[in-house]
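If you're matching positions, the sequence shown starts at 1139 in this note's numbering and goes up one per residue.
We treat Cβ as the ideally placed atom computed from N, Cα and C, and that holds for glycine.
On a predicted model such as this, the values are computed, not experimentally measured, just so you know.
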Amino acid sequence: MTPSSSHKPTKSQRSAQAREQARLIREAQERQDKRKGLLIRWGVVAAVVAILVVAALIVTNTIRGQVPDAGPAPAGGNEHGGIVLTSSTEVQPFETGTVDRAALPADPRPAGELPPGVAASADGEPVQVVSYVDVNCVFCAEFESTHADQIQAWLDDGEITMEHRNVAYLDRNSSTDYSSRGANALACVAEESPEAYFDFSAGVFANYENGELDNDGLAALASSSGAADISTCLSEGTFRPWVNFTTDAAELDGITGTPTIYVEGEAVPEAIDNFAAFTQAKIDAKG
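Okay, structure coming up:
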């Protein structure tokens, strides 16, 4: 028995089916092409981002490499890389002139030896305090916030001198070399406006929780602390060689972390907790 022709699609129906099939195939191809296009575009974006990152690293490393080994010390800077406060508005003047990383010893100082310039003060002289700090160090910020008022009182009473050796250990944690820029800013103020150094230093550490300051922010903070305009000193990195010298010297002297505090030639253990009592005992002993 021959199958009924009524079950076979008509010519028009077959044409319609063919057109529908063609449409589905075309739409599927369009979707595939669109996905490929998106992947290509995202691939291009990723490649551009990677290139920009590499370029930024190259520029950063180039800038870092451009800091010369030798350069000027601030007027308030000693041969050891320190800035010595004799009161909260006075920085001891020095005639260090220039510093040069190439002049530093080739080998680290033997374990147990004190860094140069760290010693008990002479009879009748204020207690000597030497602090190694980094502006991008959370523990340094805590030390400063805990003890700044007491340090200011001791300074203004003539009980202590306070030497800051501002190092840049934590540049590795900053895309802008904030430790170096901050230490440079402190040297700029010591040079231009020593009477404002203490307040500016306290302000830099007090700002820690707000994150890194750019050069404009550092200049504004210096101005609000009573300092002259240090914008040019910042943009030119005038004392960046000094910062590198101080940092290298600290590493050679066995300073492994910040804050590291010496009082009368003795390292203060757990300085954040013990500094006030330790220093007061030294002051009393001078009595």
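Burial state of R1303, where buried means 16 or more other Cβ atoms lie within 10 Å
buried
Q) If you drop the 5 nearest sequence neighbours on each side, which residues of the same chain put their C-beta closer than 7 Å to that of E1402? A) A1258, S1259, V1265, Q1266, K1420
* **Which residues DSSP lists as bridging L1223, in chain order** => V1229, M1300
- Query: Rounded to a whole number of angstroms, what is the C-alpha to C-alpha distance between R1310 and D1171?
  - Reply: 45 Å
To the nearest angstrom, how far is it from the Cα of W1292 to the Cα of T1314? 35 Å
- What are the start and end residues of the beta strand (DSSP E) that includes Y1316? Y1316 -> not in any beta strand (DSSP E); alpha helix (DSSP H) instead, spanning 1316 to 1330.
message: I need the boundaries of the beta strand (DSSP E) containing T1417, first residue and last residue.
response: Where T1417 is concerned, there is no enclosing beta strand (DSSP E), although the alpha helix (DSSP H) it sits in stretches over 1409 to 1424.
- Compare the beta carbon distance of A1328 and I1221 with 7 Å and say whether it is the shorter of the two. yes
Item to complete: Grab me the residues of F1416's own chain with a C-beta within less than 7 Å of its C-beta, minus the 5 sequence neighbours each way, in chain order.
Response: V1401, V1406
Per DSSP, what kind of secondary structure is T1198 in: helix, strand or coil?
-> For T1198, the predicted structure reports a pLDDT of 43, less than 50, and the residue's modelled location is therefore unreliable. The matter cannot be settled from this model.
Inset, instruction - Would you identify the three-state DSSP class for E1404, choosing helix, strand or coil? - result: strand
Check: Excluding the five sequence neighbours on either side, which residues of its own chain have a C-beta within less than 8 Å of the C-beta of L1223, listed in chain order?
Finding: V1229, Q1230, L1293, T1299, M1300, E1301, H1302, Y1335, F1336
Check your understanding: Based on the DSSP secondary-structure assignment, which residues constitute the bridge partners of V1426?
Key -> Summary: the structure shown does not reach residue 1426, with the chain confined to residues 1139 through 1425, and so no result is reported for it.
Considering only their Cβ atoms, is the gap separating A1208 from D1238 smaller than 7 Å? yes
**Prompt:** In chain order, what residues of the same chain lie with their CB nearer than 6 Å to the CB of P1332, ignoring the 5 residues before and after it?
**Reply:** G1214, V1229
Q) Sorted by chain position, which residues of the same chain lie with C-beta nearer than 6 Å to G1255's C-beta, five sequence neighbours on each side aside? A) H1218
Q. Run through DSSP, which three-state label would A1360 get?
A. helix
Please name the residue or residues paired with G1215 in a DSSP beta bridge.
I1221
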